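For reference, the structure discussed in these notes is given below.
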Amino acid sequence: MDNEEKYNIEVKVRTVYLPDQSDPSAERHVFAYTITINNTGSVASQLVSRHWIITSGDGSVHEVRGLGVVGEQPFLKPGESFEYTSGTAISSPAGSMKGSYQMVAEDGFHFSVEIPEFILSVPRVLH
Numbered sequence: 098m099d100n101e102e103k104y105n106i107e108v109k110v111r112t113v114y115l116p117d118q119s120d121p122s123a124e125r126h127v128f129a130y131t132i133t134i135n136n137t138g139s140v141a142s143q144l145v146s147r148h149w150i151i152t153s154g155d156g157s158v159h160e161v162r163g164l165g166v167v168g169e170q171p172f173l174k175p176g177e178s179f180e181y182t183s184g185t186a187i188s189s190p191a192g193s194m195k196g197s198y199q200m201v202a203e204d205g206f207h208f209s210v211e212i213p214e215f216i217l218s219v220p221r222v223l224h
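So for the sequence shown, our numbering puts the first residue at 98; every next one is plus one.
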């Protein structure tokens, strides 16, 4: 069994625009994102830190690094998942996020899990 099979973490993302927390006139567009992290590997692993790259539609980039997610460092046995919701604000009606989670497996192996880029976009209103 190779490392990809042993240390495999799947990440799924859902986003929603929060109009009640946004203020387009002040260039503040707020989004919630719900992330499901699933350990599809064969070794229990703990999420220890995160790194986000948040890009607004105007090209400005904001990076965020920190321990855990939403104040937790979830430990996932094979087959277990962890879901959380967080949020971000960007200056334009559209942008994107991508990043990585830094993990430590039960056997001491350190690895990184890529969070594929996902779009943040204000829903368009049809007239």
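Idealized CB from N, CA, C, for every residue including glycine. Source: prediction; values computed, not measured.
Coil, strand or helix - residue i by DSSP
i	result
N136	strand
Q118	helix
K195	strand
D204	coil
E124	coil
E102	helix
P190	coil
S209	strand
V167	coil
V108	strand
R162	strand
From the options, residue whose alpha carbon lies closest to that of residue i
i	options	result
K109	G154, I212, S218	I212
V140	T182, K103, G192	K103
Cβ neighbour criterion (16 or more within 10 Å) applied to residue i
i	result
H207	exposed
R125	exposed
R147	buried
Contacts around residue i, its chain only, beta-carbon distance under 6 Å, and the 5 residues preceding and following it disregarded
i	result
S153	I187, S188, S189, G192
V161	W149
Close Cβ partners of residue i (< 7 Å) along its chain, the five nearest in sequence each way excluded
i	result
L223	With a pLDDT of only 49 at L223, under 50, the local geometry of the prediction cannot be trusted, and no value is derived from it.
V210	I106, V108, S197, Y198, M200
F179	I134, P171, L173
L144	I134, G165, V166, Q170, P171, Y198, M200
P116	none
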